[in-house]
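Numbering (our numbering), first residue to last: 2 to 410. Just so it is clear, CB atoms sit at the ideal spot from N, CA and C, and this is done for glycine as well. Computed from a predicted structure; not experimentally measured.
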């Protein structure tokens with residue numbers, strides 16, 4: 002009956018299918034996009050002027066996605082390596098494809114259905130990975146963790162999708178005030194999957210989101226004073242416990258060690274060291290090219306050249322990006338490209354949908370924190386899902402504005 006209601010309401014089922022595919026294999030994204038377009042053409046309806054006007058607004062986050070893409074195009078005027086620039090524009094074309102799609106077809110999007118479907122996609126991917134884990138253990142008497150665990154995409158991206166799904170289910174549990182057994186199983190599975198991925202950013206962000214949501218829950222139940230006292234006590238216990246657990250893990254203890262500038266080996270390619278070095282190099286390039294950037298196609302060459310000049314041979318030979326999306330975008334596109342990207346996040350904080358606004362803000366926070374340690378929008382596993390989520394949220398916000406306008410009239 003649920004599927005029948007979606008069909009009768011004129012919703013595009015393929016949009017929900019695409020949400021299911023996101024935590025699986027990025028190679029399947031193209032298949033999902035084709036289905037969305039074909040189904041939308043079949044179900045096409047004439048669009049009213051009011052509907053278009055509600056979408057074309059600076060308060061709509063996907064409009065800023067379009068601006069962000071246009072600054073990549075403008076960056077061609079400051080580019081010498083057009084081969085990389087054209088490849089980059091092609092990869093990021095969904096920044097403009099999704100907004101244009103929503104303008105042309107105006108599909109209905111139920112955010113709660115969308116993210117529930119996404120959660121089940123995460124659970125399905127975890128089930129597949131678990132089967133592989135068991136098979137690996139039986140065959141080799143070893144368990145896959147870290148990058149070996151999420152073999153379909155980089156662990157940083159996979160952990161991001163798991164923590165987003167975790168955040169949604171936790172938020173829904175609090176909102177409905179119903180602790181279902183199914184939700185508990187999902188939360189434990191998603192949290193465990195994030196830990197097994199060994200993504201440092203993913204683990205930190207899922208803990209931050211858990212803290213925020215737990216505090217929010219106790220604030221509702223106990224009030225500000227008691228909930229604050231309880232959360233301080235809980236935080237002290239959590240920090241002590243995690244410090245004991247993580248210090249036994251070389252990946253995390255090494256990260257803490259390398260955050261001390263005196264300990265950094267400038268020839269190293271260790272993940273934390275590499276990020277510190279790349280951030281420093283990116284900031285140097287930004288300082289010299291504040292407004293124009295170095296160009297859409299020249300950023301990796303400029304980073305590599307300066308790294309060699311500084312003696313950062315490890316990251317230079319690996320030809321790494323900035324490993325911070327905000328720095329990477331500012332380095333390539335200049336100040337206005339950076340502003341366009343930041344504006345996507347700022348507009349996400351403004352929503353007319355009371356059911357979803359808290360989760361959307363946590364989603365925005367999650368992506369923001371991930372962007373601080375990863376150039377998330379430089380590969381398809383990050384580009385397409387981000388463009389998809391932002392566009393769906395923008396479409397939902399526009400629909401709410403239409404309802405408000407009609408009611409006002």
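Inter-residue spacing [alpha-carbon to alpha-carbon] between residue i and residue j
{"i": "residue 208", "j": "residue 168", "result": "10 Å"}
{"i": "residue 25", "j": "residue 119", "result": "10 Å"}
{"i": "residue 258", "j": "residue 277", "result": "Reliability fails at residue 258, whose pLDDT of 49 lies under 50, so the model's placement of it is uncertain and the value that follows must be treated cautiously. About 12 Å."}
{"i": "residue 305", "j": "residue 323", "result": "10 Å"}
{"i": "residue 218", "j": "residue 177", "result": "11 Å"}
{"i": "residue 1", "j": "residue 238", "result": "No statement about residue 1 is possible, as the shown extent of the chain runs from 2 to 410 and does not include it."}
{"i": "residue 230", "j": "residue 222", "result": "13 Å"}
{"i": "residue 17", "j": "residue 126", "result": "16 Å"}
{"i": "residue 54", "j": "residue 103", "result": "12 Å"}
{"i": "residue 233", "j": "residue 296", "result": "47 Å"}
{"i": "residue 371", "j": "residue 206", "result": "8 Å"}
{"i": "residue 355", "j": "residue 187", "result": "24 Å"}
{"i": "residue 366", "j": "residue 97", "result": "23 Å"}
Helix, strand or coil at residue i according to DSSP, with G and I counted as helix
{"i": "residue 411", "result": "An answer regarding residue 411 cannot be provided, because it is not within the stretch 2 to 410 covered by the chain."}
{"i": "residue 200", "result": "coil"}
{"i": "residue 111", "result": "coil"}
{"i": "residue 45", "result": "coil"}
{"i": "residue 380", "result": "coil"}
{"i": "residue 409", "result": "Its pLDDT being 47, under 50, residue 409 is placed unreliably in this model, and the coordinates cannot settle the point."}
{"i": "residue 27", "result": "helix"}
{"i": "residue 133", "result": "helix"}
{"i": "residue 292", "result": "coil"}
{"i": "residue 117", "result": "helix"}
{"i": "residue 351", "result": "coil"}
{"i": "residue 398", "result": "helix"}
{"i": "residue 101", "result": "helix"}
Endpoints, alpha helix (DSSP H) assigned at residue i
{"i": "residue 285", "result": "272-289"}
{"i": "residue 89", "result": "83-92"}
{"i": "residue 73", "result": "62-75"}
{"i": "residue 311", "result": "300-311"}
{"i": "residue 173", "result": "156-177"}
{"i": "residue 321", "result": "No alpha helix (DSSP H) holds residue 321; DSSP gives it neither H nor E."}
{"i": "residue 14", "result": "14-22"}
{"i": "residue 150", "result": "Premise fails: residue 150 is in no alpha helix (DSSP H) and is neither H nor E."}
{"i": "residue 361", "result": "358-374"}
Buried versus exposed, by CB contacts within 10 Å (16 or more), residue i
{"i": "residue 279", "result": "buried"}
{"i": "residue 347", "result": "exposed"}
{"i": "residue 28", "result": "exposed"}
{"i": "residue 325", "result": "buried"}
{"i": "residue 317", "result": "buried"}
{"i": "residue 47", "result": "exposed"}
Cβ pair residue i, residue j closer than 9 Å
{"i": "residue 268", "j": "residue 335", "result": "no"}
{"i": "residue 201", "j": "residue 374", "result": "yes"}
{"i": "residue 162", "j": "residue 381", "result": "no"}
{"i": "residue 361", "j": "residue 349", "result": "yes"}
{"i": "residue 377", "j": "residue 387", "result": "yes"}
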